[in-house]
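Each residue of the sequence shown is one higher than the one before, counting from 303 in our numbering.
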Amino acid sequence: MILSASGWRKVFAPDGEHSASPYPAAADRLLAVGMGLVWGEWLKGRLGRTGAVVLAATDTRPTGPVLADMMIRGLESAGCRVIYIGVAAAPEAMARSGTDETIDAFAYISASHNPLGHNGVKFGTGGGVIGGSDAEDLIERYRELITAEGTAARLTDIAESAAAVPDAKEK
303 MILSASGWRK VFAPDGEHSA SPYPAAADRL LAVGMGLVWG EWLKGRLGRT GAVVLAATDT
363 RPTGPVLADM MIRGLESAGC RVIYIGVAAA PEAMARSGTD ETIDAFAYIS ASHNPLGHNG
423 VKFGTGGGVI GGSDAEDLIE RYRELITAEG TAARLTDIAE SAAAVPDAKE K
């Protein structure tokens, strides 16, 4: 997985980068839960309160809805309220998060110009992607989470205890 200020990305499709399968492997779904959990906890620290409102959206890649579902479960477990708008263009999601005063942040699942099986996530506040020391801090927290003892069990519990997002259920 590549973690950078411009986004976090990897091949999430189970059959490789050109796969059209909508169902990432179980381990990859847990990575998405962890992304949501870390983003929600980071926002809690940044805002000084629980209950951050996060706008979530995806592009049209087949794995987007399942990854959004898992990420939303992580966000909600961190105390966030999520507005999931489904498929939207990145500029639309970012603009809405920057102009709607009730929205604190966004998480956008896409992979831009990469092959179909790739996904990436952009995190932002105020209509823009976080960068600099904020991005570094978020990346470090994510690395700490995914390498900590007991993380797989914790993320599995979160993934299994929450309700699914519409259009993201495995068939």
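For every residue, glycine included, the Cβ atom is placed at its ideal position computed from N, Cα and C.
(request) Pair every Cβ in the stretch 435 to 443 with every Cβ in the stretch 389 to 396, then say whether three or more of these pairs are closer than 8 Å. (result) No: the two stretches stay apart, fewer than three of their Cβ pairs being nearer than 8 Å.
(request) Give every residue of the same chain whose Cβ lies closer than 6 Å to the Cβ of K473, excluding the five residues on either side of it in the sequence, and list them in chain order. (result) Its pLDDT being 31, under 50, K473 is placed unreliably in this model, and the coordinates cannot settle the point.
(message) Does D402 pass the burial test, meaning 16 or more other C-beta atoms within 10 Å, or should it be called exposed?
(response) D402 is exposed by the Cβ-count criterion.
(message) So if DSSP puts F314 in a beta bridge, which residue, or which two residues, is it bridged to?
(response) In DSSP, F314 forms no bridge with anything.
(request) Please specify which runs of the alpha helix (DSSP H), each continuous and at least 4 residues long, are wholly inside the stretch 400 to 459, giving them in chain order. (result) Annotation note: the stretch 400 to 459 contains the following uninterrupted alpha helix (DSSP H) runs of length 4 or greater, listed N- to C-terminal: 434 to 449.
(message) What would DSSP say about S306, mapped onto helix, strand or coil?
(response) It is a strand residue.
(request) Identify whether G381 lies in helix, strand or coil by the three-state DSSP scheme. (result) Note: G381 maps to coil in three-state DSSP.
(request) Can you grab the Cα-Cα spacing for the pair A354 / C382, in whole Å? (result) Taking the CA atoms as reference points, A354 sits about 5 Å from C382.
(message) Here's a check: name, in chain order, each residue in its chain whose Cβ is nearer than 7 Å to the Cβ of K471, leaving out the five neighbours to either side.
(response) Annotation note: pLDDT 44 at K471 (below 50); position unreliable, coordinate value reported separately. Nothing meets the Cβ criterion.
(request) May I ask you to list the residues that DSSP assigns as paired with V389? (result) Beta-bridge pairing links V389 to T360.
(request) Find out if the Cβ-Cβ distance for the pair L349, D406 is shorter than 9 Å. (result) A contact, by the Cβ cut-off of 9 Å.
(message) Using a Cβ-Cβ cutoff of less than 7 Å, which residues in the same chain neighbour E323 once the five nearest sequence positions on both sides are dropped?
(response) One point to set straight first is that residue 323 is Ser, not Glu, in the sequence displayed. Here S323 has A315, P316, D317 and P364 as same chain residues with Cβ atoms under 7 Å from its own Cβ, once five neighbours each way along the sequence are excluded.
(message) Which residues does DSSP list as the beta-bridge partners of V355?
(response) Residue pairing by DSSP places V355 opposite R383 in a beta bridge.
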